[in-house]
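Undergrad: At position 51 of the sequence shown the residue is numbered 36 (this note's numbering), and the sequence of numbers has no breaks.
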Amino acid sequence: MRDELDGSERDAEPNAIESGLTRHSFAERIYSDLRVALMSGHYEPGSRLNIRRLASAYETSQTPVREAIIQLVADGALELKLGHQPRVPILSIPRYLEIRETRAPLERLAAELAAANITRRDIELLEAHQADFMRAEEEGDWKKALAANQSFHFVIYRKSQNQVLIKVIENLWLLAGPFVNNQYPYTKRPAYDVHPHDLIIDALKRRSPSEAGELVTRDLRDGSYRILEKLKLESREPKRKRV
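(1) Pairs of beta-carbons, one from the region 38 to 57 and one from the region 11 to 18, closer than 8 Å: are there three or more?
(2) Label R20 either buried or exposed according to how many other C-beta atoms from any shown protein chain fall within 10 Å of its C-beta, with 16 as the threshold for buried.
(3) So, is Y43 buried or exposed, given that buried needs 16 or more other C-beta atoms within 10 angstroms?
(4) What is the C-beta distance between Q56 and Y16, in whole angstroms, given that I count them as a contact (C-beta under 8 Å)?
(5) Run through DSSP, which three-state label would R247 get?
(6) Would a C-beta distance cut-off of 8 Å place E64 and P79 closer than the cut-off?
(7) Can you check which of these residues, E109, Q70, T45 and S209, is closest to F164 by C-alpha distance?
(8) Which class does R211 belong to by DSSP, given the choice of helix, strand or coil?
(9) With respect to the alpha helix (DSSP H) encompassing I84, which residues constitute its N-terminal and C-terminal limits?
(10) In chain order, what residues of the same chain have a beta carbon less than 8 Å from the beta carbon of Q115, not counting five sequence neighbours either side?
(11) Using the Cβ count rule (16 or more neighbours within 10 Å means buried), how would you classify S25?
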């Protein structure tokens, strides 16, 4: 992925995709790729997406990129003002708390349902994603850590086998991603005797719905304290003008 934001803002573009697709297919692929990037916390709050550079990365015209952007604006994942490039929304504490309090019971339910459906192969996938997550944290590669964290959680949520629930959780992660990005490189990671993800895996191995649900909720809330710490620090900093 190449940097695709103007000035000093950092971001990255997805790789170009195969030619020969219709404009609609391009728009759907770009939309899907950007959703995943936003959900995993790849984009910083306030960062702008350069439509021309995205079109170049996908080897297509700007039209399907604009169509994908419009979908993401409708989802609430991006902001778009006349005469400006699309932007990831700026963070606020009330906004984050709304998202967190909505996510918690839904992700608990998804984990409880998953406990009845989990397979040995799913456990192996969870262990692999957790290994990737820990390796990325040790190496200080927070973007890889964020991607591995997302992959870990969605193995669980998809095993709920409740498509409505999965879609709602995906949409909430889409809104929450920039909050995770905002805190991750700056806050100290806590030391665990046993990492919360490993406890979740153990509960799923034992097919304990209540324990799996409780541990997933606890993991969300533990992470939220670090996010709130960073947001509170920012709220005390002098305001910078944004356009």
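The beta-carbon is built from N, C-alpha and C at its ideal position, and this holds for glycine as well.
TA: Quick look at the numbers:
(1) yes
(2) buried
(3) buried
(4) 5 Å
(5) For residue 247 there is no data in the structure shown, the boundaries of the chain being -14 and 228.
(6) no
(7) S209
(8) helix
(9) I78 to N102
(10) A133, F137, H180, H182, D183 and I186
(11) buried
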